[in-house]
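Protein chains in written order, with our numbering: chain A, 1354 to 1663; chain B, 1354 to 1663.
Each residue gets a CB set at the ideal place from its N, CA and C atoms; glycine is no exception.
Please read all numbers here as calculations on a predicted model, not as lab measurements.
What follows is one structure encoded as structure tokens, with my remarks underneath.
There are 2 protein chains.
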Amino acid sequence: MLTDVTAFAPATVANVGIGFDILGHTVEAVGDRVRLRRIDEPVVRIRAITGIAGDLPVEPARNTAGRAVQAMHAALALDYGFEMDIEKGIPLGSGLGGSAASAVAAVVAANALLDEPLPRLQLLKFAMQGEIVASGSAHVDNIAPCLFGGLTLTVGIDHPRVKQIPVPPSLRCVLAHPHMYLGTREARAILKTDISRSDFVWASANLAGFISGCYSNDLDMIRESFNDVIIEPQRHSLIPGFKDVQRGAMSAGALGCSISGAGPTVFAWAETQYAEAVRGAMVAAFAAHGLQSDDWISGMESYGARVVKA
Amino acid sequence: MLTDVTAFAPATVANVGIGFDILGHTVEAVGDRVRLRRIDEPVVRIRAITGIAGDLPVEPARNTAGRAVQAMHAALALDYGFEMDIEKGIPLGSGLGGSAASAVAAVVAANALLDEPLPRLQLLKFAMQGEIVASGSAHVDNIAPCLFGGLTLTVGIDHPRVKQIPVPPSLRCVLAHPHMYLGTREARAILKTDISRSDFVWASANLAGFISGCYSNDLDMIRESFNDVIIEPQRHSLIPGFKDVQRGAMSAGALGCSISGAGPTVFAWAETQYAEAVRGAMVAAFAAHGLQSDDWISGMESYGARVVKA
């Protein structure tokens, strides 16, 4: 029986520009690791938080990973407990799904330590409890791809259905994370509560075109549909230089470029041969606005969160 | 050189419940026919309208088929003309894309009479000119499937992109057309101009799930996504008994049931083995509300509008 495992969970790009609150995809190049030990005492505790840690709370109920494992622990009425070490690889408040990754890595690790591990879909609701600590509401658009891998659609909250959508294999995700903090709550608070019917139709057409393009490997359709007419126009002013970063990415050959999750990270999709140029253009545009940035080029194919050491 | 051709154009279900103004699919079981003769005089004229004709105008500029061919005739600056006979098979104001079918059949017939026929995508804009006569605005969600066949997504108006989406081959469309008239203008006029962000997210999830389900032959995903939370709740009261018809269809095994186009025709998707029961339930529910109805069970695969006699 396993008593000590480490799980890795990848960063995720939520919304993917055209799928607000429903789409997300993994970024294999960066992620969080959570090590869990099974302990006799029936409690959940956090021993240490390392890596790009910021000032994350170590009190389990206030920590996304701690809260997620607590939810699982309570639901299963376990008579043993877990002690965890969290190693943050995803910058806080970056829009790369860091809170989801910690929560998912923790429940995947905990699941491996159960006498009878649960099916992956059942882990979703525990990880969501962790996400509530971070964002104030239950969202699965980071958690579902983080858990399942690749590009995923999640439909529904109470009984979420998860659908994995194929990404054309010639594509890469390019990310530029400017060194600034942007809170998810703040980025949600500025959104209007209503949408015009004409924007709704336009957004629907783009969403449908994007998904059709992914299924049919139709890069032209993906490019022409890769345009968020609802959220990006309301949010981009929170990110200095966003429009220049986007223009730079598109000029360098990206299929599309928008805000990752609630920002400030900006992501682009590009064919492999353009990815380096797109990265250079995005980083340069942020620099011109006085912002240094971390950057990654990553595949989007992934097995999702997984035990990496047992 | 051809001088006398007849084209058939199928009926269409626009919106398909979850794709307002962007999705539509063909119904092969019913359609309009337009016969065109090339004439020396450089004009477009309508000789006769037969079939389920109602009181359609024979003045070309006020007739959808006439206006569509006029638009084509003007754009190509032809030095000869066309005389047409229109045979209506699609009831007027039924929500089955009758005006689109007449316009599409007419331009497909006219195209066959050109010295150098145009690619099909170029016919779209001429047929749209006809649709404007009927509905007061340019919509392509009936025209695109009618012209191309099957389930189609149309993105954009000025330079529309058309994408054909596969429909699982085990599915049939069941239609019940109650004997009442409902104008497209009226059915559009009652729609609110704004949508809440939460409904937008819900509708997006359903649209994305539906399209993913079609591509991946995932009937469960289609069933769970087949729920129009935006338009149907605003429109269904225009159709007496709609809720009972929908409940009847779903109880009989339909995957989904909603309003065809602007109504009053109600359509359902069902696996072949349930189609007869779904039809019976829908017709009985309308009858219980004092409405006789025409009904069809139809495949959705189609080559779209085509010359049937030359």
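Taking only three categories from DSSP, how would you classify residue i?
{"i": "Gln1645/A", "result": "coil"}
{"i": "Gly1633/A", "result": "helix"}
{"i": "Gly1434/A", "result": "strand"}
{"i": "Val1661/A", "result": "strand"}
{"i": "Pro1498/A", "result": "helix"}
{"i": "Phe1620/B", "result": "strand"}
{"i": "Pro1410/B", "result": "coil"}
{"i": "Leu1466/A", "result": "helix"}
{"i": "Ala1607/B", "result": "coil"}
{"i": "Ile1584/A", "result": "coil"}
{"i": "Ala1367/A", "result": "strand"}
{"i": "Ile1592/A", "result": "coil"}
{"i": "Ile1575/B", "result": "helix"}
{"i": "Ser1549/B", "result": "strand"}
{"i": "Ile1612/A", "result": "strand"}
{"i": "Tyr1656/A", "result": "coil"}
{"i": "Val1520/B", "result": "coil"}
Compute the Euclidean distance between the alpha carbons of residue i and residue j, then round it to the nearest angstrom.
{"i": "Gly1404/A", "j": "Arg1388/A", "result": "13 angstroms"}
{"i": "Ser1452/A", "j": "Glu1484/A", "result": "6 angstroms"}
{"i": "Val1422/A", "j": "Gly1448/A", "result": "23 angstroms"}
{"i": "Val1457/B", "j": "Ala1418/B", "result": "7 angstroms"}
{"i": "Pro1498/A", "j": "Ile1375/A", "result": "10 angstroms"}
{"i": "Leu1477/B", "j": "Pro1531/B", "result": "30 angstroms"}
{"i": "Leu1572/A", "j": "Lys1596/A", "result": "23 angstroms"}
{"i": "Ile1443/A", "j": "Leu1528/A", "result": "12 angstroms"}
{"i": "Asn1495/B", "j": "Gly1614/B", "result": "8 angstroms"}
{"i": "Ala1414/B", "j": "Ile1543/B", "result": "28 angstroms"}
{"i": "Ile1439/A", "j": "Ile1402/A", "result": "5 angstroms"}
{"i": "Ala1558/A", "j": "Leu1409/A", "result": "40 angstroms"}
{"i": "Met1603/A", "j": "Glu1469/A", "result": "49 angstroms"}
{"i": "Ala1463/A", "j": "Met1574/A", "result": "41 angstroms"}
{"i": "Ser1646/A", "j": "Arg1386/A", "result": "23 angstroms"}
{"i": "Phe1563/B", "j": "Ser1569/A", "result": "15 angstroms"}
{"i": "Pro1522/B", "j": "Gly1502/A", "result": "29 angstroms"}
{"i": "Ala1641/A", "j": "Gly1377/A", "result": "29 angstroms"}
{"i": "Ala1637/B", "j": "Val1411/B", "result": "37 angstroms"}
{"i": "Ser1490/B", "j": "Phe1373/B", "result": "15 angstroms"}
With distances taken Cα to Cα, identify the nearest neighbour of residue i among the options.
{"i": "Val1460/A", "options": "Gly1442/A, Gly1446/A, Met1481/A", "result": "Met1481/A"}
{"i": "Glu1624/A", "options": "Asn1416/A, Val1493/A, Arg1525/A, Gly1633/A", "result": "Arg1525/A"}
{"i": "Arg1398/A", "options": "Ala1628/A, Ala1430/A, Asn1416/A", "result": "Asn1416/A"}
{"i": "Met1533/A", "options": "Gly1594/A, Val1486/A, Arg1514/A", "result": "Gly1594/A"}
{"i": "Thr1618/A", "options": "Thr1537/A, Glu1577/A, Leu1429/A", "result": "Thr1537/A"}
{"i": "Asp1648/B", "options": "Ala1628/B, Glu1539/B, Ile1510/B, Asp1494/B", "result": "Ala1628/B"}
{"i": "His1512/A", "options": "Ala1637/A, Val1493/A, Ala1364/A", "result": "Val1493/A"}
{"i": "Asp1432/B", "options": "Ala1406/B, Ile1439/B, Leu1409/B, Glu1394/B", "result": "Glu1394/B"}
{"i": "Leu1445/B", "options": "Ala1406/B, Phe1563/B, Ser1590/B", "result": "Ala1406/B"}
{"i": "Arg1541/A", "options": "Ser1488/A, Arg1632/A, Asp1408/A", "result": "Ser1488/A"}
{"i": "Gly1434/B", "options": "Arg1659/B, Arg1400/B, Arg1386/B, Ala1561/B", "result": "Arg1400/B"}
{"i": "Ile1612/B", "options": "His1642/B, Arg1632/B, Met1603/B, Asp1581/B", "result": "Asp1581/B"}
{"i": "Ala1362/A", "options": "Met1354/A, Gly1377/A, Glu1381/A, Val1369/A", "result": "Glu1381/A"}
{"i": "Arg1588/A", "options": "Gly1633/A, Lys1545/A, Ala1428/A", "result": "Lys1545/A"}
{"i": "Arg1390/B", "options": "Val1369/B, Phe1373/B, Met1354/B", "result": "Met1354/B"}
Let me check one thing: in DSSP terms, what residues is residue i bridge-paired to?
{"i": "Asp1385/A", "result": "Ala1362/A"}
{"i": "Leu1376/A", "result": "Leu1506/A"}
{"i": "Val1515/A", "result": "Thr1507/A"}
{"i": "Asp1357/B", "result": "Arg1390/B"}
{"i": "Lys1441/B", "result": "Gly1404/B"}
{"i": "Leu1528/B", "result": "Phe1620/B, Trp1649/B"}
{"i": "Arg1398/A", "result": "Glu1436/A"}
Could you check whether residue j and residue i sit closer than 8 angstroms to each other, using their CB atoms as the reference points?
{"i": "Ile1548/A", "j": "Ile1592/A", "result": "no"}
{"i": "Met1653/B", "j": "Thr1379/B", "result": "yes"}
{"i": "Phe1620/B", "j": "Val1383/B", "result": "no"}
{"i": "Gly1609/A", "j": "Ala1630/A", "result": "no"}
{"i": "Val1598/B", "j": "Phe1553/B", "result": "no"}
{"i": "Met1635/B", "j": "Gly1657/B", "result": "no"}
{"i": "Ile1371/B", "j": "Phe1579/B", "result": "yes"}
{"i": "Ala1360/A", "j": "Val1661/A", "result": "yes"}
{"i": "Glu1577/B", "j": "Val1508/A", "result": "yes"}
{"i": "Leu1504/B", "j": "Ile1518/B", "result": "yes"}
{"i": "Arg1560/A", "j": "Leu1471/B", "result": "According to the sequence as given, residue 1560/A is Leu; it is not Arg. Not closer than 8 angstroms, so no."}
{"i": "Ala1556/A", "j": "Gly1450/A", "result": "no"}
{"i": "Arg1420/B", "j": "Val1486/B", "result": "yes"}
{"i": "Val1396/A", "j": "Leu1466/A", "result": "no"}
{"i": "Ser1455/B", "j": "Leu1506/A", "result": "no"}
{"i": "Arg1473/B", "j": "Leu1429/B", "result": "no"}
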